[in-house]
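Here is the structure we will look at, set down as C-alpha cells.
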Amino acid sequence: MYRGRIEKDFRHWVSMGMLDARAADAMLAEYDARPSVFSAGRVLLILAAVLLGSAILLLVAANWEAIPRLARIVGIVALIWTFYLSAALCFARGFSAIGAALLVLATMCFGGAIALVGQMYHLSGDAADALLAWFAAACLVAFLFRSAAVTVLCGLLAWALFGQLIFDNDAYFGGNGSLYFIPALVVIVIALVRYTQAGVARHLAYLLALAWLGWLQLEISGGWLAFALFALGLVAFLLASLTASPLHRLARETGAAPAFYSFALAVMGLAVLHGEVNGLAQEIAIGATTLAVALGGIVLAGRVNGAVRFLGYAVFSVETLYLASETLGSILGTSGFFLISGLVVGLIAWLVIRLEKRLSAKPALKEA
Amino acid sequence: MSNNRLIRPLFAALLVALLQTVFLGYMIESRASILRNGSEVVLKSVPVDPRDLLRGDYVILSYDVSSIPSSKVSGGFPADPVTAQLSVRLEKQPDGFWAVSEAAFDPLPPKQGSVVMLSAPFNFYPSTDPPAFLNVDYGIERYYVPEGQGKPLEEARDSHTLSVTVRVDDRGTAQIREIAIEGNPLYQEPLY
Numbered sequence: 004m005y006r007g008r009i010e011k012d013f014r015h016w017v018s019m020g021m022l023d024a025r026a027a028d029a030m031l032a033e034y035d036a037r038p039s040v041f042s043a044g045r046v047l048l049i050l051a052a053v054l055l056g057s058a059i060l061l062l063v064a065a066n067w068e069a070i071p072r073l074a075r076i077v078g079i080v081a082l083i084w085t086f087y088l089s090a091a092l093c094f095a096r097g098f099s100a101i102g103a104a105l106l107v108l109a110t111m112c113f114g115g116a117i118a119l120v121g122q123m124y125h126l127s128g129d130a131a132d133a134l135l136a137w138f139a140a141a142c143l144v145a146f147l148f149r150s151a152a153v154t155v156l157c158g159l160l161a162w163a164l165f166g167q168l169i170f171d172n173d174a175y176f177g178g179n180g181s182l183y184f185i186p187a188l189v190v191i192v193i194a195l196v197r198y199t200q201a202g203v204a205r206h207l208a209y210l211l212a213l214a215w216l217g218w219l220q221l222e223i224s225g226g227w228l229a230f231a232l233f234a235l236g237l238v239a240f241l242l243a244s245l246t247a248s249p250l251h252r253l254a255r256e257t258g259a260a261p262a263f264y265s266f267a268l269a270v271m272g273l274a275v276l277h278g279e280v281n282g283l284a285q286e287i288a289i290g291a292t293t294l295a296v297a298l299g300g301i302v303l304a305g306r307v308n309g310a311v312r313f314l315g316y317a318v319f320s321v322e323t324l325y326l327a328s329e330t331l332g333s334i335l336g337t338s339g340f341f342l343i344s345g346l347v348v349g350l351i352a353w354l355v356i357r358l359e360k361r362l363s364a365k366p367a368l369k370e371a
Numbered sequence: 279m280s281n282n283r284l285i286r287p288l289f290a291a292l293l294v295a296l297l298q299t300v301f302l303g304y305m306i307e308s309r310a311s312i313l314r315n316g317s318e319v320v321l322k323s324v325p326v327d328p329r330d331l332l333r334g335d336y337v338i339l340s341y342d343v344s345s346i347p348s349s350k351v352s353g354g355f356p357a358d359p360v361t362a363q364l365s366v367r368l369e370k371q372p373d374g375f376w377a378v379s380e381a382a383f384d385p386l387p388p389k390q391g392s393v394v395m396l397s398a399p400f401n402f403y404p405s406t407d408p409p410a411f412l413n414v415d416y417g418i419e420r421y422y423v424p425e426g427q428g429k430p431l432e433e434a435r436d437s438h439t440l441s442v443t444v445r446v447d448d449r450g451t452a453q454i455r456e457i458a459i460e461g462n463p464l465y466q467e468p469l470y
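Top to bottom, those sequences are chains A and B.
In case it helps, this note's numbering puts the first sequence at residues 4 to 371.
In case it helps, this note's numbering puts the second sequence at residues 279 to 470.
Structure representation (C-alpha cells):
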C-alpha cells in the first residue's frame with residue numbers, strides 16, 4: 004500500500020542525494036503517528052469485539068433453556084450498559100482503541116437484544132424493521148462518540164437492510180416502497196464517514212449506492228433509465244476529475260472514490276444499454292461510445308487515479324473482445340470498425356503526447 | 279478540560295444505553311400488554327421447522343383463518359393496487375376453535391361474542407375476477423423454540439390436532455399465549 008510505496012521512493016531519493024535521510028525518517032515517523040494509519044493491534048481488538056459480539060448473538064439464537072428468559076433480557080441490557088459505560092471511561096482515560104472495540108461490542112449486543120425480544124414474543128416478518136432500529140441506534144452511537152469503527156458497522160447494517168428488503172422483495176411503485184429509501188441510508192453513512200473520518204466505510208456506502216441503482220435498473224428496466232445512469236455517472240465523473248470543475252477540490256480531498264464510483268456507474272449504464280440497442284447503427288454507436296468512455300477515463304483520471312485506470316483498461320479489453328465476437332454486421336465490417344478506431348485513437352495518442360510534453364515543459368521553464 | 283474529557287463520552291454512553299433500553303422496554307411491554315389484557319381466541323394450526331439467523335430455531339404455524347374465502351369479504355375489493363390490511367372477524371365454533379365469519383378491507387366494528395384480528399400489510403392487485411381465497415399473515419406465524427426442539431411439534435402435526443391460543447388487543451394485534459396438542463398444553467407463554 005501507500006506506506007510501502009512511499010518508503011521505497013524515499014530510499015530511492017535518499018540514495019540519489021535528493022532527500023536528507025533524517026528528513027525521510029522524520030516524515031515516515033509523522034505518517035506512522037497519524038490516528039488513521041493501520042495498526043495491527045487496533046484492528047485485532049475490533050475483530051475480537053466482533054467475535055465476542057457474534058458469540059452473544061448466537062447465544063441468543065440458541066434459545067438455551069439453562070438461562071431463564073427474564074435473566075437473558077436483564078443480562079443483555081446489563082451488558083449494553085456495561086459496555087457503553089466502560090467505553091466512555093476508556094475514551095476519557097485515552098484508551099481509544101479499547102473504547103472503539105467496546106462500542107462495537109455494545110452496539111452488537113443491542114442487535115442481539117432486539118432479536119431476543121423478537122424470539123420471546125414470537126414476532127414474525129419484522130426483520131427489516133429490526134435491522135432499521137439497529138441501524139438507527141448504530142448511527143446515533145457513531146455520531147455521539149465520533150467512532151469510525153461503529154461507522155463501519157453502520158455501513159454493514161445498511162447493506163444488511165438492503166439485502167433483507169431485496170429478500171422480502173415486495174416493493175413496487177406506490178406500494179411498499181421501503182427500498183426507495185436506501186439512498187437516504189447511503190447519504191447518512193457518507194455523512195458519518197466524513198464526520199468520523201472512517202475511510203473504509205466510504206466504500207461500503209458507494210458500493211451500496213451502485214448496488215441500489217443496479218437493483219433499480221432491474222426493477223424498472225428500460226433503456227431510458229440505463230441511459231440516465233450512464234449520463235449521471237459520466238457527469239459526476241467529469242465533475243470529480245476535471246480540474247476546471249467547481250467540485251474538483253472537494254472530490255480530490257476524499258481520495259479516488261468519487262471519480263472511480265461515478266466512472267463505474269457510467270460503465271454500468273453502458274453495459275445495460277448493450278442489451279437494449281438493436282440495428283447496426285445503434286450497435287456501432289454504443290460500441291464506439293464505450294471505447295471512448297474507457298479511453299476518456301484513462302486519459303482524464305488515469306494519472307492520479309489507479310482504480311479508474313484499471314477499470315478503463317478492463318472495459319476497453321472486454322468491449323474489444325465483445326465487438327470482435329459479436330461482429331458489427333459482418334467480420335469485414337468489424338475489421339473496418341477497428342481500423343477506423345485504431346487510426347482515431349492513434350491520432351489522439353499523438354495529440355495527448357504533445358500536450359503532455361508542453362504541460363511538463365511549463366513548470367521547468369518557470370523554475371529556470 | 280480533563281473534566282470535559284470524561285463528561286462528554288459518559289453523557290453519550292448514558293444517552294445511548296438509556297435510549298436502547300427504552301426501545302427494548304417498549305418492544306417488550308407492547309407485547310406483554312396484549313398477553314395480559316387481550317381477548318382469547320383458539321386457532322387450529324399445522325407446523326413446520328426452519329430457523330433464522332439471529333433468533334434461532336422456530337416452528338412455522340399456519341392457520342385455518344389465514345386463508346379467507348372471498349365470499350366472506352364484505353364491502354368489496356379495492357379497485358387499484360394497494361398495500362392493505364384485512365380486518366377479520368372471528369367467532370367461536372361448536373368444536374371450540376374460532377373461525378372466520380366476516381372480513382373487510384375497512385375496519386370492522388366490534389360485536390358481542392366476536393373478536394376482530396388485523397392482518398399484516400400485504401399487496402393486493404385487483405383482477406377482473408376476485409381471487410377465490412385471500413391468504414394473509416397475522417404476525418403469529420412463527421414460534422421460537424430452544425435449539426433442536428422443533429421436532430416434537432413437527433411430529434405432532436401429522437397425527438394430532440395442534441391448537442394455538444392467542445390473545446388479541448383492541449387494535450387487532452395478536453400474540454401467542456399457548457400451544458397445545460390434543461388439548462394438552464405444550465408451551466405456555468409467561469408475560470415477561
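Note that the Cβ used here is the ideal one computed from N, Cα and C, for glycine as well.
Remember, it's a predicted structure, so these values are computed and weren't measured experimentally.
Across the set A/ALA260, A/ALA81 and A/LEU50, the C-alpha of A/ALA260 shows the shortest separation from the C-alpha of A/GLY309.
Taken in chain order, the complete alpha helix (DSSP H) segments of 4 or more residues contained in the stretch 168-252 of chain A are 185-199, 202-223 and 226-244. Sixteen is the threshold: since fewer than 16 other Cβ atoms of the shown chains lie within 10 Å of the Cβ of A/TRP227, the residue is exposed. In this structure the stretch 65-83 of chain A does not lie against the stretch 25-36 of chain A, because fewer than three pairs of beta carbons, one per stretch, are closer than 8 Å. When DSSP states are grouped into helix, strand and coil, B/ASP342 belongs to the helix group.
The three-state reading of DSSP puts B/TRP376 in strand, counting E and B together. Against chain B, the beta carbon of A/TYR124 has neighbours under 7 Å at ARG309 and GLN453, listed in chain order.
Across the set A/TRP84, A/ARG197, A/LEU250 and A/GLN167, the C-alpha of A/ARG197 shows the shortest separation from the C-alpha of A/SER150.
A Cβ-Cβ contact shorter than 8 Å links B/SER365 with B/ALA382. For B/THR451, there is no enclosing alpha helix (DSSP H), as DSSP marks it with neither H nor E. Bridge pairing for B/GLN466: B/GLU456 [DSSP]. B/MET395 and B/PRO385 have their C-alpha atoms spaced approximately 10 Å apart. Taking a Cβ-Cβ threshold of 7 Å, the residues of chain B close to A/GLU68 are PRO424, in chain order.
Under the Cβ criterion of 8 Å, B/VAL414 is not counted among the residues facing chain A. Going by DSSP, A/LYS11 is part of no beta strand (DSSP E) but of the alpha helix (DSSP H) stretching over 5-18. For the pair A/ILE301 and A/LEU219, the Cα-to-Cα distance works out to about 28 Å. Contact between the stretch 198-209 of chain A and the stretch 153-165 of chain A is established, with three or more Cβ pairs separated by less than 8 Å. In this structure, B/ALA452 and B/TYR416 form a Cβ contact; the two beta carbons are roughly 5 Å apart against a cut-off of 8 Å. Boundaries for B/ARG367: no alpha helix (DSSP H) harbours it, while the beta strand (DSSP E) harbouring it runs 365-370, taken from the DSSP string. Listed by position along chain B, the residues whose Cβ is nearer than 7 Å to that of A/TRP84 are ALA295. Contact of A/LEU160 with chain B by beta-carbon distance below 9 Å is absent, the smallest such distance being about 12 Å. The alpha-carbon separation between A/ILE117 and A/LEU232 amounts to approximately 38 Å. In this structure, DSSP gives B/ASN315 a helical state, which the three-state scheme calls helix. Contact between the stretch 117-135 of chain A and the stretch 297-310 of chain B is present: 3 or more CB-CB pairs across the two stretches fall below 8 Å. Taking 8 Å as the CB threshold, B/THR299 lines the interface with chain A. 8 Å or more divides the Cβ of B/GLY391 from the Cβ of B/VAL320. Rounded to whole angstroms, the Cβ separation of A/THR110 and A/VAL144 is 5 Å, and the two are in contact under 8 Å. Taking the beta carbon of A/LEU147 as reference, the chain B residues within 7 Å of it are ALA290, LEU293 and VAL294, listed in sequence order.
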